[in-house]
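In what follows, a structure is listed as structure tokens, so that the remarks can point back to it.
Numbering (the working numbering), first residue to last: 10 to 91.
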């Protein structure tokens, strides 16, 4: 899957849906954690809400599961808007 027009999950507008197209490689341990909780290329993700203090944590729907992520974690997930 091409990541040419990808943005990071923490940049997705609230209520928008995207597809995971890859991960940043600057933090392999965090990427491994994201994969363990279910993030994979091709998965559908929706940004549901942002915390009121600095926009964190983020509430995202991954497939049919709601997950809270830190901005640093969400910033590692590359998505393409659906």
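Ideal Cβ placement from N, Cα and C applies to all residues, glycine included.
Check	Outcome
Inter-residue spacing [alpha-carbon to alpha-carbon] between residue 51 and residue 63	29 Å
Pick from 48, 72, 73 and 14 that is closest to residue 85, judged by C-alpha positions	48
Residue 78 (DSSP reduced to helix, strand or coil)	strand
is_contact[residue 16, chain C] using C-beta, thresh 7 Å	The structure shown contains no chain C, having only a single protein chain.
Proximity below 7 Å, CB of residue 88 to CB of residue 18	yes
Simplified DSSP assignment, three categories, for residue 85	coil
Three-state class that DSSP yields for residue 68 in the structure shown	strand
Three-state class that DSSP yields for residue 23 in the structure shown	coil
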